[in-house]
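S.K.: Quick one: structure below, then a few questions.
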Amino acid sequence: MAANPRPNSGQRTRNGAVTGAEAFDAKRMTGKELRNLRRALGLTQEELGKILGVTTLTIWRAEARKPSRMVLAYLHLAMSKGLLKPTDDKIEPENS
């Protein structure tokens, strides 16, 4: 039996975004997952771009498509340095 390539080690926030190890898998992250991570962090595209040292357009493109290796490398570096931390107070509740 093959191992699950994406272990369920992350936690879901109230809006369904995933945090933790599952939230960052550089080889598999999609644009939608990047957007969900950014939202879980309570950041705008502009704010994330400033933290990563890229333009807002670069973040927009990464969320619209698969993020480039450069964006994922900067994201990993920022996370490892503790520059990006989830803030539950900025997460919007789901509309039921």
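In this text, residue positions in the sequence shown follow my numbering: the first is 80, and each later residue adds one.
Ideal Cβ positions, reconstructed from N, Cα and C, are used throughout, including at glycine.
Output the distance between the C-alpha atoms of Arg140 and Pro146, rounded to the nearest integer angstrom.
M.R.: As a first step, residue 140 is located in the sequence shown; it is residue number 61 there, counting from the start. As a first step, residue 146 is located in the sequence shown; it is residue number 67 there, counting from the start. The straight-line gap from Cα to Cα measures roughly 8 Å.
S.K.: Go ahead and label Thr123 buried or exposed: buried means 16 or more other beta carbons lie within 10 angstroms of its beta carbon, across all protein chains shown.
M.R.: Within the sequence shown, residue 123 is the residue found at index 44, counting from 1. The residue in question, Thr123, is exposed, as its Cβ has fewer than 16 Cβ neighbours within 10 Å.
S.K.: How should Thr137 be labelled, buried or exposed, when 16 other C-beta atoms within 10 angstroms of its C-beta is the threshold for buried?
M.R.: Numbered from its first residue, the sequence shown carries residue 137 at position 58. Label assigned to Thr137: buried.
S.K.: Does Met108 come out as helix, strand or coil in the three-state DSSP assignment?
M.R.: Here residue 108 is taken as the residue at index 29 of the sequence shown, counted from 1. If DSSP states are grouped into helix, strand and coil, Met108 belongs with coil.
S.K.: Give me, in chain order, the residues of the same chain whose beta-carbon lies closer than 6 Å to that of Gly128; leave out the 5 immediate sequence neighbours on both sides.
M.R.: Walking along the sequence shown from the start, residue 128 turns up at place 49. Correct list, in chain order: Thr134, Thr135, Ile138.
S.K.: Going by C-alpha to C-alpha distance, which of Leu162, Ala157, Leu151, Leu156 sits closest to Leu113?
M.R.: Sequence index remark: in the sequence shown, residue 113 carries index 34 (1-based). Per the Cα distances, Leu151.
S.K.: Quick one: what does DSSP say Gly132 is sitting in, helix, strand or coil?
M.R.: On the sequence shown, position 53 is the one that residue 132 refers to. In the structure shown, Gly132 sits in coil (DSSP, three-state: anything other than H, G, I, E or B).
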